[in-house]
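Here's the structure, in structure tokens; my notes come after.
Protein chains in written order, with this note's numbering: chain A, 37 to 546; chain B, 95 to 304.
See below:
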């Protein structure tokens, strides 16, 4: 069974509690009136179980934790459900966790894989909003206020997010608030919050514990001593006193939470190339087993291209083997394409043609997209040519190779063999007027039989239309030939006599 | 009371009816057109021309038709020709070279695949091919592909292919002579086989002389 570390399939319907402090809203449905919000609105997705998903592709029922060394001690970063049922909590020392659940499976945190997974998710999230921010510690931030109309309102967007993310697997917690800092704070604190009004924001974050904020040890002790437990208490304190006692930074943090201070965010840019892979638990040796996967990968590529407004004219299958060698199957397209699902036949043809004999452990699709702006001329106007050979050419190239498919044109050369040229299909070459030439030329001139001192081809020949071709005396392949049109019993043919040797040859038939 | 089979069974096909709506393309040789149903090469079907030596293909027989197909703006594929279709002469004969595909499949089993793809793609108005072997299932597949792609499939085979059964819509045996050629219709869908049709060529081939 293939497993994909981040399959965005619908995994049940997670429950979202919407806290709305407005009596108007709470009386008639949780989401009413949200569509009118036109200001900035941020959605934060906290994914506490991402380390688990990134570290292992296998989902088991046994208690599993991911741990990381922190100040000479291993601490639990993420724990799956059965581990939590055994009493293991995040940030617990590993030794404690082992005491609680002796048979616990411990995985090392793979930060690189986590970052990769985060980037994949961020790329995926560009479907909902162009402004996506990867926040530290497993939080994804999206500005959604500007694209609510596109998604037909917030409820539809929320549904779409829940449906497409494996929320349960990632332990996803979503918060929607008007400021980025507060959205992140709420998502981290674990409350599913949906506030669209700035006025209601203060009361919403007021109940969050101050410990969720970034505090130094000194600030923390001081606040505890003052008996300040919630952010609401902090907000009620006089600002100048707060700065004096706890420093300017904390006040600035508070202002970012409430939106008093601007909070610019580094926007995530989707990677320039598309690369996605599927790992197999067992070696795959039949190409048929890859076909459904290739369909899935191509669909993902199409989504990616649509989101990033790009097209591809080249993509590549990469098949990883047990021996760590890699088979690359490149596919070149005659014209840039965005609808890659239409290329399924072509892609499968390429796979079938060059499927390696060695078993495959990983199957990847790699593509380097071109932005559509570069191709504007190609897409702006409908094609003037009634039929484009792209699809056929792509297929032929894929199976036969580039060099097998050509077109021909005339070439200004006196030597008959060189008066034609093989060129790229679709190239328009100028036509030069020439003397009478045969329609069919032999690949190489064939010597003629001589009878009674005269050349013969299926019987005696009548010669006419003499033409002397003396060319290329300026380079290494000089020709000096006397050409004749000859009438044979099989119709007119084109023959010549080599001046140097006096030998007769047939060169083509008219 | 007269006996009229079609009134008894509607699905009985009579040789005189049908095939009249088949598209055809004048060959450019009136003597041949007269003998072919529809008055020319059958389009959307497979035509087989049996020649003595496939390395000496009589292109003059088909160039008028290929030039006439040029207005369609579709492509013309030449699959595995055994010689060189000579560009200067083809251009003189009115064939649009920029719409020509010259395909040389590297392996034998790619050949039929290439012909089938080109015929069925609806991109080529004509597909000329020089298959080494063509009978039974293969010719049936090509015939179906030609119908699907509304393309004129043309195969040049050697004389000894005459002994094999094919599903080509038209099968000609071509014997060149001094004045032109002698053509025998071996098989013709909707028509009848005919022997020794004399084709006359223009006295001198096109092109200007010095």
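Just so it is clear, CB atoms sit at the ideal spot from N, CA and C, and this is done for glycine as well.
Members of the region 431 to 444 of chain A that neighbour chain B once the beta carbon cut-off is set at 9 Å: Residues passing the 9 Å Cβ filter: 431, 432, 435, 436, 437, 439, 440, 441, 442, 443 and 444.
- prompt: Mind checking if residue 361 (chain A) is an interface residue toward chain B, Cβ cutoff 9 Å exclusive?
  reply: Position 325 of the first chain holds residue 361 (chain A). No, its Cβ sits nowhere closer than 9 Å to a Cβ of chain B.
- prompt: What is the rounded straight-line gap between the Cα of residue 417 (chain A) and the Cα of residue 320 (chain A)?
  reply: Numbered from its first residue, the first chain carries residue 417 (chain A) at position 381. Numbered from its first residue, the first chain carries residue 320 (chain A) at position 284. Confidence is the limiting factor: at residue 417 (chain A) the pLDDT is only 47, short of 50, which leaves the residue's position unreliable and the question unanswerable from this model.
query: Distance, Cα to Cα, residue 284 (chain A) vs residue 313 (chain A)?
result: In the first chain, counting from the first residue as 1, residue 284 (chain A) sits at position 248. In the first chain, counting from the first residue as 1, residue 313 (chain A) sits at position 277. Their Cα atoms are separated by approximately 47 Å.
task: Could you tell me whether the Cβ of residue 295 (chain B) comes closer than 9 Å to any Cβ of chain A?
output: By one-based count along the second chain, residue 295 (chain B) stands at place 201. Yes - at least one Cβ of chain A is within 9 Å of the one on residue 295 (chain B).
query: Which bits of chain A does residue 194 (chain B) rub up against, with CB to CB less than 7 Å?
result: On the second chain, position 100 is the one that residue 194 (chain B) refers to. Under the 7 Å cutoff, chain A gives 443 and 444.
- prompt: Among residues of its own chain, excluding the 5 on either side of residue 559 (chain A), which ones have a beta-carbon nearer than 8 Å to its beta-carbon?
  reply: The requested residue 559 (chain A) does not occur in the structure, where chain A is confined to residues 37 to 546.
field: Spatial neighbours of residue 157 (chain B) in its chain, beta-carbon cut-off 6 Å, leaving aside the 5 residues before and after
entry: As a first step, residue 157 (chain B) is located in the second chain; it is residue number 63 there, counting from the start. Answer for residue 157 (chain B): 187, listed in chain order.
- prompt: Exposed or buried, what is residue 116 (chain A) when buried is set at 16 or more other beta-carbons lying within 10 Å of its beta-carbon?
  reply: Translated into positions along the first chain, residue 116 (chain A) becomes position 80. Classification of residue 116 (chain A): buried, given that the 10 Å Cβ count is 16 or more.
message: Is there a Cβ of chain B sitting closer than 9 Å to that of residue 344 (chain A), yes or no?
response: As a first step, residue 344 (chain A) is located in the first chain; it is residue number 308 there, counting from the start. Not one chain B Cβ lies under 9 Å of residue 344 (chain A).
DSSP three-state assignment for residue 260 (chain A), whether helix, strand or coil: Along the first chain, one-based indexing puts residue 260 (chain A) at 224. Of the three classes helix, strand and coil, the one that applies to residue 260 (chain A) here is helix, per DSSP.
- request: For residue 255 (chain B), go through chain A and note every residue whose CB falls closer than 9 Å to its CB, in chain order.
  value: Taking the first residue of the second chain as 1, we reach residue 255 (chain B) at position 161. Under the 9 Å cutoff, chain A gives no residues; its nearest Cβ is about 19 Å from residue 255 (chain B).
- prompt: In angstroms, rounded to a whole number, what distance separates the CA positions of residue 543 (chain A) and residue 290 (chain B)?
  reply: Here residue 543 (chain A) corresponds to residue number 507 of the first chain, with the count starting at 1. Here residue 290 (chain B) corresponds to residue number 196 of the second chain, with the count starting at 1. So the two alpha carbons sit approximately 29 Å from each other.
- prompt: So, residue 109 (chain A) versus residue 130 (chain A), is the Cβ gap smaller than 9 Å?
  reply: Translated into the one-based positions of the first chain, residue 109 (chain A) becomes position 73. Translated into the one-based positions of the first chain, residue 130 (chain A) becomes position 94. For residue 109 (chain A) and residue 130 (chain A), yes; Cβs fall inside 9 Å.
Inter-residue spacing [alpha-carbon to alpha-carbon] between residue 169 (chain B) and residue 300 (chain A): Here the question's residue 169 (chain B) lines up with position 75 in the second chain. Here the question's residue 300 (chain A) lines up with position 264 in the first chain. The straight-line gap separating the alpha-carbon atoms of residue 169 (chain B) and residue 300 (chain A) is approximately 56 Å.
field: Proximity winner among B:273, B:224, B:159 and B:214, relative to residue 144 (chain B) (alpha-carbon distances)
entry: Here the question's residue 144 (chain B) lines up with position 50 in the second chain. It is B:224 whose Cα lies nearest to the Cα of residue 144 (chain B).
- prompt: Excluding sequence positions up to five away, which residues of its chain have a Cβ less than 6 Å from the Cβ of residue 63 (chain A)?
  reply: As a position in the first chain, residue 63 (chain A) is number 27, starting the count at 1. Residue placement at residue 63 (chain A) is flagged as unreliable, the pLDDT there being 35, under the threshold of 50; the coordinate-derived value follows with that caveat. Closer than 6 Å at the Cβ level, and outside the excluded window around residue 63 (chain A), lies no residue.
- request: Report the three-state DSSP secondary structure of residue 134 (chain B) (helix, strand or coil).
  value: Position 40 of the second chain, counting from 1, holds the residue named residue 134 (chain B). Coil.
- request: Count the other CB atoms, across all protein chains shown, that sit within 10 Å of the CB of residue 82 (chain A); report buried if there are 16 or more and exposed otherwise.
  value: As a position in the first chain, residue 82 (chain A) is number 46, starting the count at 1. Burial call: buried.
message: Using beta carbons (cut-off 9 Å, strictly below), is residue 150 (chain B) in contact with chain A?
response: Working through the second chain from its first residue, we reach residue 150 (chain B) at position 56. For residue 150 (chain B), the answer is yes, since a Cβ of chain A falls inside 9 Å of its Cβ.
- request: Keeping to the same chain, check which residues put their C-beta closer than 6 Å to that of residue 259 (chain A); ignore five residues upstream and five downstream.
  value: The count along the first chain starts at 1 and reaches residue 259 (chain A) at position 223. Once the five neighbours on either side are set aside, the close Cβ partners of residue 259 (chain A) are 246.
- prompt: chain B beta carbons: is any one of them nearer than 9 Å to that of residue 451 (chain A)?
  reply: For the purposes of this step, residue 451 (chain A) is identified with residue 415 of the first chain, where counting begins at 1. With respect to chain B, the C-beta atom of residue 451 (chain A) has no partner C-beta closer than 9 Å.
task: Give the residues of chain B in contact with residue 427 (chain A), contact being defined as C-beta atoms less than 8 Å apart.
output: The count along the first chain starts at 1 and reaches residue 427 (chain A) at position 391. By Cβ distance, chain B contributes 215 and 217.
message: Run through chain B and tell me which residues come within less than 8 Å of residue 478 (chain A), C-beta to C-beta.
response: Taking the first chain and counting its residues from 1, one reaches residue 478 (chain A) at position 442. What residue 478 (chain A) touches in chain B: 149, 177 and 178.
message: Can you check which of these residues, B:203, B:117, B:150 and B:124, is closest to residue 136 (chain B) by C-alpha distance?
response: Taking the first residue of the second chain as position 1, residue 136 (chain B) is located at position 42. Cα-wise, what sits closest to residue 136 (chain B) is B:117.
field: From B:142, B:120, B:218 and B:238, residue whose alpha carbon lies closest to that of residue 259 (chain B)
entry: Locating residue 259 (chain B) in the second chain gives position 165, where the first residue counts as 1. When only C-alpha atoms are compared, the closest one is B:142.
Ordered list of alpha helix (DSSP H) runs contained in the region 233 to 305 of chain A, each at least 4 residues: 234 to 241, 253 to 262, 267 to 272, 275 to 282 and 284 to 294
field: Other residues of its chain near residue 404 (chain A): CB distance less than 6 Å, five sequence neighbours each side excluded
entry: Counting from 1 along the first chain, the entry for residue 404 (chain A) is found at position 368. Excluding residues within five positions, the ones whose Cβ falls inside 6 Å are 309.
- prompt: Can you list, in chain order, the residues of its chain whose CB lies under 6 Å from that of residue 430 (chain A), leaving out five sequence neighbours each side?
  reply: Translated into positions along the first chain, residue 430 (chain A) becomes position 394. These residues qualify, in order along the chain: 369, 370 and 382.
- prompt: Given 8 Å as the limit, is there contact between the region 495 to 503 of chain A and the region 515 to 529 of chain A, that is, 3 or more CB pairs closer than that?
  reply: Segments in contact, yes.
message: Suppose you measure from the CA of residue 304 (chain A) to the CA of residue 178 (chain A); what does that come to, to the nearest Å?
response: For the purposes of this step, residue 304 (chain A) is taken as residue 268 along the first chain, with counting starting at 1. For the purposes of this step, residue 178 (chain A) is taken as residue 142 along the first chain, with counting starting at 1. If you take the alpha carbons of residue 304 (chain A) and residue 178 (chain A), they lie about 10 Å apart.
query: Any C-beta of chain A sitting closer than 9 Å to the C-beta of residue 191 (chain B)?
result: Your numbering for residue 191 (chain B) matches position 97 in the second chain. Yes, contact with chain A.
- request: Just the chain B side, please: which residues come within less than 9 Å of residue 455 (chain A) by C-beta, in chain order?
  value: In the first chain, counting from the first residue as 1, residue 455 (chain A) sits at position 419. Under the 9 Å cutoff, chain B gives 180, 181 and 182.
task: For residue 159 (chain B), count neighbouring Cβ atoms within 10 angstroms of its own Cβ and tell me buried if that reaches 16, exposed if not.
output: Taking the first residue of the second chain as 1, we reach residue 159 (chain B) at position 65. Residue 159 (chain B) comes out buried.
message: Please confirm whether residue 390 (chain A) has its beta-carbon closer than 9 Å to some beta-carbon of chain B.
response: The residue labelled residue 390 (chain A) in the question sits at position 354 within the first chain. No - not a single Cβ of chain B is within 9 Å of the one on residue 390 (chain A).
message: Measuring straight from C-alpha to C-alpha, what distance separates residue 210 (chain B) and residue 365 (chain A)?
response: Sequence index remark: in the second chain, residue 210 (chain B) carries index 116 (1-based). Sequence index remark: in the first chain, residue 365 (chain A) carries index 329 (1-based). Going by the C-alpha atoms only, they are around 24 Å apart.
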